[in-house]
């Protein structure tokens with residue numbers, strides 16, 4: 019089955035501390051993985067993607083993600099959290115069954131709360 | 002700006018009414034997706050266009066849902082005889098290429114409330 023799991027509904031971290039938002043996936047074929055962020059009343063904004071190559075992917079706003087094939091994980095990380103990072107984060111995987119359409123399967127989302 | 006735009010941003014419909022939701026993708030983008038996002042959930046795929054061709058409509062929940070992209074640019078998602086369970090945010094996304102290997106750019110969404 020094609021699926022994405024974000025095991026934490028909410029992550030709380032103090033400003034300046036490192037943050038991790040967890041994601042695990044199940045997909046047919048090679049995994050193509052994405053992280054998006056959603057602010058209230060706004061659409062999803064692309065953060066970063068893993069297609070192939072280095073397991074550590076760097077993205078927008080200082081975020082990075084680590085691809086781990088053996089653990090089928092793609093955790094989002096940031097060395098030093100900002101209050102402005104507080105938002106809803108979605109992990110997504112390209113549906114490997116979809117042929118050439120490339121539709122995404124999303125996780126349920128994780129709310130990140132960064133406290134000053 | 003040059004991003005994906007959607008209109009209206011908010012739509013309130015009485016049960017049984019028909020609604021039409023518009024998406025203006027980024028100019029030149031080949032791929033266009035519609036997703037439905039229920040409250041507190043991640044987006045779920047509805048349908049996909051490659052240029053003007055609707056290649057995948059497997060996510061449309063019923064035959065009351067219909068989408069088109071006649072000239073390969075603007076797309077419209079139509080919902081006939083709306084039901085309360087149709088209440089959700091409808092997101093449109095476009096991507097420069099086919100295949101889903103590049104990021105999708107999302108619009109702000111249309112929040113549909115069916116009374």
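Protein chains in written order, with the numbering used here: chain A, 19 to 134; chain B, 2 to 116.
Where is the CB? At the ideal position from N, CA and C, for every residue including glycine.
- Cβ-Cβ distances below 7 angstroms link residue 30 (chain B) to 95, 96, 97 in the same chain, with the five nearest sequence neighbours on each side left out; the list follows chain order.
- Contact check between the stretch 23-42 of chain A and the stretch 78-85 of chain B: fewer than three CB pairs, one atom from each, fall below 8 angstroms, which does not count as touching.
- The Cβ atoms of residue 108 (chain A) and residue 92 (chain A) do not sit closer than 8 angstroms to each other.
- Collapsing the DSSP output to three states places residue 101 (chain A) in a helix.
- DSSP places residue 7 (chain B) in the uninterrupted beta strand (DSSP E) bounded by 6-8.
- Contact annotation: in the stretch 48-59 of chain B, residues whose CB is within less than 7 angstroms of a CB in chain A are 49, 56, 57.
- DSSP, read as helix, strand or coil, puts residue 57 (chain A) in coil.
- Per the Cβ contact rule, the stretch 43-59 of chain A is in contact with the stretch 76-89 of chain A (3 or more Cβ pairs under 8 angstroms).
- For residue 30 (chain A), the enclosing beta strand (DSSP E) starts and ends at 28-32.
- Not a single C-beta of chain A is nearer than 8 angstroms to the C-beta of residue 18 (chain B).
- Contact annotation: the stretch 34-48 of chain A does not touch the stretch 60-79 of chain B, with fewer than three C-beta pairs closer than 8 angstroms.
- Of the residues A:104, A:73, A:82, the one whose Cα lies closest to the Cα of residue 89 (chain A) is A:73.
- Proximity of residue 85 (chain A) to chain B, defined by a Cβ-Cβ separation below 8 angstroms, is not satisfied.
- Secondary-structure assignment with DSSP links residue 12 (chain B) through a beta bridge to B:113.
- DSSP, read as helix, strand or coil, puts residue 38 (chain B) in strand.
- Per DSSP, residue 87 (chain B) lies in no beta strand (DSSP E) segment and is marked neither H nor E.
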